Amino acid sequence: MKNGLTKNSRVNRIKSHIRLNICDKNSRRAGREIYKEYHTSARVTAIKMIGVAGLCEGAGTTQMCIMLAAFMGRVLKKKTAVIGDEKTYSFMLRQMSQARAIHHKGIGSRHAYSVNGIDYYCGMYDDYTGILRQRYDVIIQDISLNSAEDTFARTVSRLSGCDVKLLAGSMLPWKSKECEKKLERVRRFLDVRGLKMVTLTMCESPAAETIEKYGVSIVAMPFERNPFTISSKNLRSLMELLDIM
Numbered sequence: 150m151k152n153g154l155t156k157n158s159r160v161n162r163i164k165s166h167i168r169l170n171i172c173d174k175n176s177r178r179a180g181r182e183i184y185k186e187y188h189t190s191a192r193v194t195a196i197k198m199i200g201v202a203g204l205c206e207g208a209g210t211t212q213m214c215i216m217l218a219a220f221m222g223r224v225l226k227k228k229t230a231v232i233g234d235e236k237t238y239s240f241m242l243r244q245m246s247q248a249r250a251i252h253h254k255g256i257g258s259r260h261a262y263s264v265n266g267i268d269y270y271c272g273m274y275d276d277y278t279g280i281l282r283q284r285y286d287v288i289i290q291d292i293s294l295n296s297a298e299d300t301f302a303r304t305v306s307r308l309s310g311c312d313v314k315l316l317a318g319s320m321l322p323w324k325s326k327e328c329e330k331k332l333e334r335v336r337r338f339l340d341v342r343g344l345k346m347v348t349l350t351m352c353e354s355p356a357a358e359t360i361e362k363y364g365v366s367i368v369a370m371p372f373e374r375n376p377f378t379i380s381s382k383n384l385r386s387l388m389e390l391l392d393i394m
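In the numbering used here, the protein residues as written are 150 to 394.
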């Protein structure tokens, strides 16, 4: 035993490291192919604003926003920013602690950071969105429908102003009812038919009821342990989510 590791555990760590490197190489290769084929496509250039609205707590809204930012910024090479409210800050900070380099940005918000070339702004919204749109190719909005600072209509209006509108919810039986109530309120201000709802939890019965009642499509949310990086298995899922393919 050396440094607290047995021979077998050291071998397993080496094998794990090799597998990760292979996965990274596959991701980079696939990313380059996607960039060459889609970077200047009409669909990609038309995407200026992406909105992800959480229908319940713990739906993975912020995680989804970070993954979309990594895809748009690191794969499609678009200058990308994520903006959200104060509630997103603690989650983002925990996720950012896994990244290699975090740079503080002093633009408009005390909670503004840059990670891997993508900028994240928390605690700022309408007043700065217009300014940021002039600086970035793509802005991704992390939208909380439980905001205590804004009216419900105003938060929904942020989603309605996006080129890509996504909902994030849960299909667990005890969570799906909460999502349905939120959808009822959302559709007073926005036609939700045809919108995509991403979920980390897929239960057949609640999903079927939600689809039939509201006309949304329910999609399994791509997941990464570290959302700042995208593995090859999730590249296609993100392209389908954004209707790029």
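Glycine residues also receive a C-beta, built at the ideal position from the N, C-alpha and C atoms.
Computed from a prediction, not measured in an experiment: that's the story for all the values here.
Considering only C-alpha positions, which residue in the set the options is nearest to residue i?
i           : options               : result
residue 333 : 389, 376, 365 and 312 : 365
residue 289 : 385, 190, 329 and 234 : 234
residue 265 : 388, 283 and 227      : 227
residue 229 : 270, 206 and 205      : 270
residue 359 : 341, 375 and 232      : 341
residue 294 : 394, 388 and 201      : 201
residue 178 : 381, 389, 371 and 345 : 381
residue 124 : 383, 379, 344 and 374 : Summary: the structure shown does not reach residue 124, with the chain confined to residues 150 through 394, and so no result is reported for it.
residue 357 : 372, 300, 326 and 383 : 326
residue 337 : 311, 324 and 303      : 303
residue 328 : 299, 362 and 300      : 362
residue 323 : 194, 176 and 205      : 205
residue 211 : 377, 394 and 388      : 377
residue 379 : 215, 268 and 311      : 215
Our contact map puts residue i next to residue j with C-beta atoms below 8 Å; I'd like the distance itself, whole angstroms only.
i           : j           : result
residue 392 : residue 192 : 7 Å
residue 199 : residue 225 : With 8 Å as the limit, residue 199 and residue 225 do not qualify as a contact, their Cβ atoms being about 12 Å apart.
residue 313 : residue 196 : 6 Å
residue 213 : residue 347 : 6 Å
residue 339 : residue 309 : 5 Å
residue 384 : residue 183 : 6 Å
Using DSSP's beta-bridge definition, name the partner residues of residue i.
i           : result
residue 350 : Bridge partners of residue 350: none, in fact.
residue 198 : 288
residue 368 : 347
>> Measuring CB atoms only, is the segment 349 to 356 touching the segment 316 to 332, in the sense that at least three cross pairs come out at less than 8 Å?
In response: yes
>> So within the segment 254 to 341, which uninterrupted beta strand (DSSP E) runs reach at least 3 residues, ignoring any that extend past its ends?
In response: 260 to 264, 267 to 271, 287 to 293 and 313 to 318
>> Which complete alpha helix (DSSP H) runs does the segment 208 to 234 hold, if anything under 4 residues is left out?
In response: 210 to 219
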